[in-house]
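Residue numbers (this note's numbering): 627 to 900. Have a look at the structure below, then the notes.
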Amino acid sequence: MINALGIDVEEWFHICGIKSSVIEKENHIFESRVIENTTQLLEVLKEYNVRATFFILGIIAQNFPDLVRKISEYGHEVASHSFNHFLVYRQTRDEFERDLKNSIEILSAITSKKILGFRAPDFSIVKESLWALDVLRNAGIKYDCSIFPVTHPRYGIPKAKTNIYEIRNGLIEFPPSTIRILGKNFPVAGGAYFRILPYSFIKLAIKKLNSNNLPANIYLHPWEIDYKQPRLKIPFVRSFTHYVGLKKALSKFKRLLSDFRFAPISEVLAIERD
Ligand SMILES: [Zn+2]
């Protein structure tokens with residue numbers, strides 16, 4: 627079975643929803659590490675002969691168009707992770723629409739390809755921001771990977787479907803993978819979960835999904851393989867989930883690449899790319 631792999635291309639300091647911090651307003655004061663990290667990831671994927679979907683921020687594309695070109699030239703799918711990495715539920719519909727369209731415009735201009743996929747920063751399509759799905763559809767997006775079917779303080783719709791489904795307006799939703807444990811959906815898909823959980827558990831979870839004929843939808847950020855990144859002073863829980871397990875993330879990721887087959891999300895969903 628071919629599983630889906632998504633890489634959210636953002637800087638090490640793109641941390642959503644940290645109030646009072648300078649993160650959202652003064653991104654420019656931090657050193658950029660995204661080129662180095664993403665290039666390393668591209669080489670790893672090449673070594674394992676794996677292509678993926680890269681959900682790229684518009685602001686990264688604006689600053690580093692050559693990086694986006696390189697990702698596309700390596701045969702990966704380019705999709706949108708919004709322009710500014712703002713939480714969907716903290717924006718008005720108009721603000722979100724403008725941000726989304728700006729990201730699609732710049733990514734399609736650089737790659738000369740249609741942008742078909744979207745992942746919201748911090749999975750911020752929740753009950754209160756489901757209006758975003760219509761905005762996505764109207765902007766030509768064909769699939770979304772933002773609705774996490776889990777209980778979490780910042781995101782998630784716990785009772786959302788866990789497999790691939792079509793949303794009423796034609797948009798396809800492919801949620802990050804979870805498995806059912808004691809009647810609850812447990813995330814196994816990526817990010818902090820990928821870094822905290824033992825690899826043997828993740829492997830078993832993907833095997834279980836695949837044995838039920840479900841492709842896994844796994845995600846990773848380029849900063850997760852950069853354990854030397856500077857540490858920001860953020861609240862303890864965020865700090866823990868953001869920085870835990872960075873050192874072992876790359877070797878774990880390589881094991882994943884050698885144990886399972888992956889493809890860009892539009893290919894797993896068999897959506898035409900032209
Ligand atoms: Zn993000």
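No residue lacks a Cβ here, since even glycine has one placed at the ideal position from N, Cα and C. Please read all numbers here as calculations on a predicted model, not as lab measurements.
>> Here's the rule I'm using: 16 or more other beta-carbon atoms within 10 Å means buried, otherwise exposed. How should residue 822 be labelled?
In response: Residue numbering aside, residue 822 sits at position 196 when the sequence shown is read from its first letter. Counting Cβ neighbours within 10 Å, residue 822 comes out exposed, since fewer than 16 surround it.
> Which residues have a Cβ closer than 7 Å to any heavy atom of ligand 1, listed in chain order?
Replying inline: 634, 636, 640, 642, 707, 711, 747, 748, 847
> Do you know offhand how far residue 890's Cα is from residue 836's?
Replying inline: Walking along the sequence shown from the start, residue 890 turns up at place 264. Walking along the sequence shown from the start, residue 836 turns up at place 210. Between residue 890 and residue 836, the C-alpha separation is close to 17 Å.
> How about residue 708 and residue 729: are their beta carbons less than 8 Å apart?
Replying inline: Here the question's residue 708 lines up with position 82 in the sequence shown. Here the question's residue 729 lines up with position 103 in the sequence shown. It is a contact, given that the beta carbons lie within the stated cut-off.
>> Quick check on DSSP: helix, strand or coil for residue 792?
In response: By one-based count along the sequence shown, residue 792 stands at place 166. Residue 792 falls in the strand class under three-state DSSP.
> Buried or exposed: residue 648, going by 16 or more other Cβ atoms within 10 Å of its Cβ?
Replying inline: Here residue 648 is taken as the residue at index 22 of the sequence shown, counted from 1. Low per-residue confidence applies at residue 648: pLDDT is 46, beneath 50, and the placement is therefore not dependable enough to give any value.
>> Please give me, in chain order, every unbroken run of the alpha helix (DSSP H) with length at least 4 that falls completely inside the stretch 699–726.
In response: none
> Are residue 743 and residue 781 closer than 8 Å when you measure CB to CB?
Replying inline: Taking the first residue of the sequence shown as 1, we reach residue 743 at position 117. Taking the first residue of the sequence shown as 1, we reach residue 781 at position 155. Their beta carbons are not under 8 Å apart, which means residue 743 does not touch residue 781 by this criterion.
> Relative to the alpha-carbon of residue 691, which residue among 789, 810, 733 has its alpha-carbon at the smallest distance?
Replying inline: Position 65 of the sequence shown, counted from the first residue, corresponds to residue 691. Closest by alpha carbon: 733.
>> Judging by CA-CA distance, which residue of 881, 797, 774, 898 is the nearest neighbour of residue 674?
In response: The sequence position of residue 674 within the sequence shown is 48, counting from 1. The candidate whose alpha carbon is nearest that of residue 674 is 881.
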